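Student: 39 is the number that my numbering gives to position 34 of the sequence shown; each next residue is one higher, with no gaps.
Think of the CB as a built atom: it goes at the ideal place given N, C-alpha and C, for glycine as much as any other residue.
Keep in mind that this is a model prediction, so the values were computed, not measured.
After the structure tokens below, expect a handful of questions from me.
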Amino acid sequence: MTRLARIELRDLHLPVSIGTYGPGDVVPDAHILDLTLTIAPDLVQIASDEMVNVFDYDPLIAKIAEIARSRTFETQEYLMTLITQACASYDVIEAVELCLRKLPVLGGTGSLGVRLVLGSEDLAALRAHDRRAQ
Numbered sequence: 006m007t008r009l010a011r012i013e014l015r016d017l018h019l020p021v022s023i024g025t026y027g028p029g030d031v032v033p034d035a036h037i038l039d040l041t042l043t044i045a046p047d048l049v050q051i052a053s054d055e056m057v058n059v060f061d062y063d064p065l066i067a068k069i070a071e072i073a074r075s076r077t078f079e080t081q082e083y084l085m086t087l088i089t090q091a092c093a094s095y096d097v098i099e100a101v102e103l104c105l106r107k108l109p110v111l112g113g114t115g116s117l118g119v120r121l122v123l124g125s126e127d128l129a130a131l132r133a134h135d136r137r138a139q
């Protein structure tokens, strides 16, 4: 089996406002992010207990929170696009899977989510596009 390393963030309640709601619509109480980052195993299986040897994910989490607070979003998908771009800005991230879900959906129950999975080729294309846009 090939070595694989993932960083998993689960159940992060984002400080975000998404959507436009009318009378009688169910307004979500929470928007919750699950994020899985694939990185090189050498950034997890390390020889010494030093931060310089690992991927410091705290700045990425801070950037995600900043994006979420930056504006009111019409769609979950656009917020996910911006989060994906933030992930792509880190070359050590080889692949990303994110799921953004809201709850409740109906009658005070349920959650509804959108999932996006990008592999290494997808991230490379995104990075190339972002470099051309700069």
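Pull the bridge partners of residue 37 from the DSSP assignment, please.
Tutor: Residue 37 pairs with 18, 106.
Student: Mind checking who residue 78 pairs with in its DSSP beta bridge?
Tutor: Looking at the DSSP assignment, residue 78 forms a beta bridge with 23.
Student: Between 54, 127, 108, which has its C-alpha nearest residue 22's C-alpha?
Tutor: The option with the nearest alpha carbon to residue 22 is 108.
Student: Classify residue 101: buried if its beta carbon has 16 or more other beta carbons within 10 angstroms, exposed otherwise.
Tutor: When all chains shown are included, residue 101 counts as buried.
Student: For the candidate residues 45, 19, 48, whose alpha-carbon lies nearest to that of residue 67?
Tutor: Per the Cα distances, 19.
Student: What does DSSP give as the partner residue(s) for residue 11 in the beta ladder?
Tutor: DSSP lists 43 as partners of residue 11.
Student: What would DSSP say about residue 73, mapped onto helix, strand or coil?
Tutor: Of the three classes helix, strand and coil, the one that applies to residue 73 here is helix, per DSSP.
Student: Contact between the segment 86-98 and the segment 39-54 is defined here as three or more beta-carbon pairs at a separation below 8 Å; is this criterion met?
Tutor: Yes: at least three Cβ pairs fall under 8 Å.
Student: Please report the straight-line C-alpha distance between residue 120 and residue 105, rounded to a whole angstrom.
Tutor: Approximately 7 Å, taken between the alpha carbons.
Student: Spatial neighbours of residue 87 within its chain, please: CB distance less than 8 Å, with the 5 preceding and 5 following residues excluded, ordered by chain position.
Tutor: These residues qualify, in order along the chain: 72.
Student: Provide the residue span of the alpha helix (DSSP H) that contains residue 131, from first to last.
Tutor: Here the alpha helix (DSSP H) through residue 131 covers 125-138.
Student: Which of helix, strand or coil does DSSP assign to residue 100?
Tutor: Residue 100 falls in the strand class under three-state DSSP.
Student: What whole-angstrom Cβ distance do residue 37 and residue 63 have, given they're in contact under 8 Å?
Tutor: Not confirmed; about 19 Å, so no contact.
Student: Which residue from 24, 10, 35 puts its Cα closest to that of residue 116?
Tutor: Of 24, 10, 35, the residue nearest in Cα terms is 35.
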